[in-house]
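Please read the structure below before turning to the comments.
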Amino acid sequence: MSGSAADARTAKGHEPRGRRLFGSGHRARVRRRTPDRSQGHRTPPAPTRRATFRHSLHAEWIKIRTMRSTLYVILGTLAFCMGLASLNGTSAGSDYATMTAADRAAFDPLATSLRGYLVAQIALGLLGGMAITSEYGARTIVSTLTAVPHRARVLAAKAAVLVGVALPVGLLVSVSGFLVGQAALAGADAPHLGLSDPQALRGILGGGLYLTLAALFGLAIGAVIRSTTATVTTLFGAMLIVQAFAPALPGAVGDWVAKYWPPIAGGQIITGYRDPALLAPWSGLAVMAGCVAALLTAAFIVFRRRDA
């Protein structure tokens, strides 16, 4: 088309496509159509990351580390066991000079210094129970299972973190009680052990393992019962009351309980005197480990099937 024809069309009021004229003498402004982002141009949502076992471990570590009772339980257990070891060592050492020959033959300096495990097992068992019952009490278990729907992974992470806390604490309680108790026995001129003694190494290592099993025992009970009060009551009954009343039970029942009841059998690991009527130290600890394994299996089944 020639230039004169285009000018004629413009003079008659025809506008070129894509332009809009604002009076004579004004420059043309081009109208541009913006793309419709509502159709076919939406930004895809960011992909969600699934919570892995490592994430669960990190979350459970934060929970147990920030729980106020954790520090109180650790410090209180350590102080009580050291104090009890000192008292037992001083008392047993002063009585040793007046003991009969039979009593001296059965004298057990290892058990004298590690007797505080009776209280430490309750404290660490309570710590294990509260690792899960506190979430049920505060209803934070709902958000935990929402973030990590794989329930077995949640309970496994709690157990792994609990072992990471209870094992060092158990070893620290055992070695500190041993050193304090043996120093008290040595000060009273009574038989005592050194760290290089095989019985001492077995008692310290075994004591740490036993207290770790006690913590897992509490976790399993708490997962099944879901109540802090009921968990504490069960721990006291299973670990202290049965042991206290076992000698009063009649005949074969009392003998079986004294030999095979898991906390009693497991407690043989911290003794140096070998009673032929009871299990050997490592055999008794194996009985305790089997009991804890069975309880944890039941806890996993119940935790997976029951509503939060």
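When we follow the numbering used here, the leftmost residue of the sequence shown carries the number 30, and every step to the right adds one.
For each residue, glycine too, the CB sits at the ideal point set by N, CA and C.
| Check | Outcome |
| --- | --- |
| Pair within 9 Å by beta-carbon distance, Ile270 and Thr260 | no |
| Backbone secondary structure at Gly157 - three-state DSSP | helix |
| Cβ-heavy atom distance, Ala135 to the ligand GTP, below 8 Å | As presented, the structure is devoid of all ligands, the ligand GTP included, so that no description of it is given. |
| The region 324 to 332 touching the region 299 to 316, judged by at least three CB pairs closer than 8 Å | no |
| Best match in Glu89, Val148, Phe332 and Pro178 for proximity to Leu113 [C-alpha to C-alpha] | Val148 |
| Per-residue DSSP class, three states only, for Leu100 | helix |
| Nearest to Ala318 (by Cα), restricted to the options Gly296, Leu242 and Arg334 | Leu242 |
| Identity of the residue in Ala315, Thr258, Ala167 and Ala121 nearest Leu155 by Cα | Thr258 |
| Contact check, Thr99 vs Val194, beta carbons under 9 Å | yes |
| Alpha carbon of Arg333 to alpha carbon of Gln228, nearest angstrom | 42 Å |
| Segment limits, alpha helix (DSSP H) that includes Leu331 | It should be pointed out that residue 331 corresponds to Val in this sequence rather than to Leu. Here the alpha helix (DSSP H) through Val331 covers Pro310 to Arg334. |
| Whole-number beta carbon distance between Val198 and Leu153, since they are thought to touch under 8 Å | 7 Å |
| Cβ-Cβ distance between Met159 and Met111 below 9 Å | no |
| Length at least 4, wholly inside the region 174 to 223: the alpha helix (DSSP H) runs in chain order | 180 to 216 |
| Where Lys41 falls: helix, strand or coil (DSSP) | At Lys41 the pLDDT is 48, less than 50, meaning the model places this residue with poor confidence; the figure from the coordinates comes in the next sentence. Residue state, collapsed to three classes: coil. |
| Pairwise C-alpha distance: Leu139 and Gly389 | Nothing can be reported for residue 389, as the shown portion of the chain is limited to 30 through 337. |
| Nearest-angstrom beta carbon gap, Ala186 and Ser85 [assumed within contact, 8 Å] | 4 Å |
| Nearest-angstrom beta carbon gap, Leu214 and Gly145 [assumed within contact, 8 Å] | Wrong, their Cβ atoms sit about 15 Å apart, outside the cutoff. |
| Buried or exposed by the 16-neighbour rule on C-beta atoms within 10 Å, applied to Arg335 | exposed |
| Own chain residues within Cβ distance below 8 Å of Thr81, not counting five before or after | none |
| Where the alpha helix (DSSP H) through Ile233 begins and ends | Pro227 to Ile254 |
| Cβ-Cβ distance between Ile298 and Trp311 below 9 Å | yes |
| Leu139 (DSSP reduced to helix, strand or coil) | helix |
| Where Arg83 falls, given that 16 or more other Cβ within 10 Å makes a residue buried | exposed |
| For Met128 and Arg338, the rounded distance between their alpha carbons | A query on residue 338 cannot be resolved here, the shown segment of the chain reaching from 30 to 337 and no further. |
| As assigned by DSSP and simplified to three states, the class of Gly54 | At Gly54, the pLDDT of 47 sits below 50, so the modelled position is not reliable and the matter cannot be decided from this model. |
| Where the alpha helix (DSSP H) containing Gly295 begins and where it ends | Pro291 to Gly295 |
| Residue from Leu234, Ser120 and Ile103 whose Cα sits closest to the Cα of Thr141 | Ser120 |
| Residue range of the unbroken alpha helix (DSSP H) whose run includes Ile298 | From DSSP, Ile298 is part of no alpha helix (DSSP H); its letter is neither H nor E. |
| Within 9 Å, strictly: CB atoms of Gly313 and Gly301 | no |
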